[in-house]
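Mapped onto the working numbering, the consecutive letters of the sequence shown carry residue numbers 371 to 709.
These notes concern the structure reproduced below.
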Amino acid sequence: MAMDIPGEPAHEDWMVEVAELRDPRADGRRCTLCGGETFRLLHHWDPDHPRNVSTAAPGYWQCACGLAFLHPVPGPDQLPDHGEWWSSRRNLIIRRRRFKRLRARVQNWLFGTPVDRLIRQVRRVQPAGRLPDIGCGRGEPLAPAARQYQCDGMEPSPVAAKEARRRGFRVLETTFESASIPSASYDVAVLDSVLEHLPDPVYVLRQVNRILKPEGVVVKLPKLWGPSHRRHRREWNGFRVGCHLTMFSGRTLDAALEAAGFTPLRRPRRDRPLDDILVVWGRKAPLRHRGSCGPPGRVRRGLRAHKGLANTACQRRFDGPPLLEARIGGYHGTLGGGS
371 MAMDIPGEPA
381 HEDWMVEVAE
391 LRDPRADGRR
401 CTLCGGETFR
411 LLHHWDPDHP
421 RNVSTAAPGY
431 WQCACGLAFL
441 HPVPGPDQLP
451 DHGEWWSSRR
461 NLIIRRRRFK
471 RLRARVQNWL
481 FGTPVDRLIR
491 QVRRVQPAGR
501 LPDIGCGRGE
511 PLAPAARQYQ
521 CDGMEPSPVA
531 AKEARRRGFR
541 VLETTFESAS
551 IPSASYDVAV
561 LDSVLEHLPD
571 PVYVLRQVNR
581 ILKPEGVVVK
591 LPKLWGPSHR
601 RHRREWNGFR
611 VGCHLTMFSG
621 RTLDAALEAA
631 GFTPLRRPRR
641 DRPLDDILVV
651 WGRKAPLRHR
661 GSCGPPGRVR
671 RGLRAHKGLA
681 NTACQRRFDG
691 PPLLEARIGG
701 YHGTLGGGS
């Protein structure tokens, strides 16, 4: 059953097939940021859609707090070998490749390469020391970082880890959650395009906080409801359907850092003008008074406000089009939420 989202022009990007979807609440899903259970459907992809690297038919759902997540999450047998998001199937979804290559050359000339820009951000937090590149991929950021930092890489993909080692870097072939890292082992951490691949990014940020000395973290990821997402909708290049499990806006990224015990040093900023890539850096927050508990103040106030919201109030907090009325897996009603 295809349904058009109310309030949006008739456009194939906003036509979603919802017959196979289940309400996340029916599967016990809760928001990993606020614990909420009020969601709305943003986008959905069939298994044969070129944007979908899996063989499942998942959708992105947005909580009233603004965090979006993929549901259902594809299993390992529904993903390409080793879960490589850069699989050859990506070639099918790159539009205007010649134009994009030319644009990238101009942007790199004006602003520096993505790796150069990332290392500049890291230096603003901590100019030297020990640095783990969590989810280092094939090791591209490690080469320039190694000039100023003592670097370690962590990468779960055997293919990518092997390539990083071939370049001469020390890389642990494991997920960050599985690595046994002593507390206060590093000075500054880098998570470049990592949090969006995690089902519970707040938990991982808390573990990053634990392994750091009283310094900081740099996070880089795609921005939900940025200019390209608003223009291309479900065809946005920031969606790696099947591999990107959690999507952030600037506000929810700030809240996730605070919930993990970091103090953002400034608001999340775009990597380049009009870009859909967010960069934020923060330091470990000082320990609160022994009698205090719970999340930091801004997050705590937001969650208190969230508790009393009715569906109509939730709707006003969304950074997107109005609520979707749909029939999904036996559930019929309004799927509501916020940004």
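Here a beta-carbon is modelled for each residue, glycine too, at the ideal position from N, C-alpha and C.
Around the C-beta of residue i, are 16 or more other C-beta atoms found within 10 angstroms, so that it is buried, or is it exposed?
i, result
"leucine 472", "exposed"
"glutamate 566", "buried"
"tryptophan 415", "buried"
"lysine 532", "exposed"
"serine 548", "exposed"
"arginine 540", "exposed"
"glycine 421", "Just to set this straight, residue 421 is arginine in the shown sequence, not glycine. With 16 or more other Cβ atoms within 10 Å, it is buried."
"serine 527", "buried"
"tryptophan 479", "exposed"
"glycine 499", "exposed"
"glycine 596", "buried"
"threonine 402", "buried"
"glycine 523", "buried"
Which partner residues does residue i have in the DSSP bridge list?
i, result
"histidine 441", "Gly429"
"tyrosine 573", "Answer by DSSP bridge pairing: none, since tyrosine 573 is not bridged."
"arginine 580", "For arginine 580, which the question treats as bridged, DSSP gives no partner whatsoever."
"threonine 713", "A query on residue 713 cannot be resolved here, the shown segment of the chain reaching from 371 to 709 and no further."
"alanine 559", "Val587"
"threonine 622", "Bridge partners of threonine 622: none, in fact."
"aspartate 397", "Its beta-bridge partners do not exist; DSSP assigns none."
"asparagine 607", "Its beta-bridge partners do not exist; DSSP assigns none."
"glutamine 520", "Arg500"
"leucine 542", "Met524"
"leucine 411", "Trp431"
Can you tell me the Cα-Cα spacing of residue i and residue j, whole angstroms?
i, j, result
"isoleucine 551", "isoleucine 581", "7 Å"
"valine 649", "arginine 475", "21 Å"
"valine 423", "arginine 493", "35 Å"
"cysteine 433", "glycine 538", "42 Å"
"proline 514", "leucine 488", "10 Å"
"alanine 486", "leucine 391", "Before going on, a small fix: residue 486 reads as aspartate here, not alanine. Cα to Cα, the separation comes out at about 41 Å."
"serine 458", "glycine 445", "Caution is warranted here: a pLDDT of 44 is assigned to serine 458, below 50, making its placement in the model unreliable, and the coordinate value is therefore given only provisionally. Going by the C-alpha atoms only, they are around 19 Å apart."
"proline 511", "aspartate 562", "9 Å"
"glutamine 448", "glutamate 628", "34 Å"
"arginine 399", "glutamine 518", "42 Å"
"proline 484", "aspartate 503", "15 Å"
"alanine 554", "glutamate 525", "20 Å"
"arginine 536", "glycine 405", "42 Å"
Between the Cα of residue i and the Cα atoms of the options, which residue gives the shortest distance?
i, options, result
"arginine 520", "Cys435, Tyr556, Ala549, Glu533", "Checking the displayed sequence, the identity of residue 520 turns out to be glutamine instead of arginine. Of the listed residues, the one whose Cα sits closest to glutamine 520 is Tyr556."
"threonine 622", "Phe409, Asp393, Leu411, Cys435", "Cys435"
"tyrosine 430", "Gly652, Leu635, Leu594", "Leu594"
"alanine 396", "Pro417, Cys404, Pro442, Asp418", "Pro442"
"aspartate 418", "Leu627, Val588, Gly612", "Gly612"
"alanine 426", "Arg610, Val564, Thr402, Leu501", "Arg610"
"leucine 542", "Arg517, His602, Arg508", "Arg508"
"leucine 501", "Ala559, Thr544, Gln577", "Ala559"
"alanine 576", "Arg604, Phe546, Gly505, Lys590", "Checking the sequence, you will find arginine at residue 576 rather than alanine. That would be Phe546, whose Cα lies nearest to the Cα of arginine 576."
"tryptophan 606", "Leu412, Pro394, Arg653, Val564", "Leu412"
"valine 589", "Lys583, Ser598, Leu615, Val574", "Val574"
"lysine 583", "Thr544, Ala655, His599", "Ala655"
Mind reading off the beta-carbon distance from residue i to residue j? Whole number of angstroms is fine, and I expect it under 8 Å.
i, j, result
"glutamate 407", "glutamine 496", "Wrong, their Cβ atoms sit about 39 Å apart, outside the cutoff."
"phenylalanine 632", "leucine 437", "About 17 Å; that fails the 8 Å criterion."
"proline 592", "isoleucine 647", "6 Å"
"asparagine 579", "alanine 630", "5 Å"
"tryptophan 651", "valine 564", "About 14 Å separates the two Cβ atoms, so there is no contact after all."
"phenylalanine 409", "proline 428", "About 13 Å separates the two Cβ atoms, so there is no contact after all."
"leucine 635", "leucine 440", "About 30 Å; that fails the 8 Å criterion."
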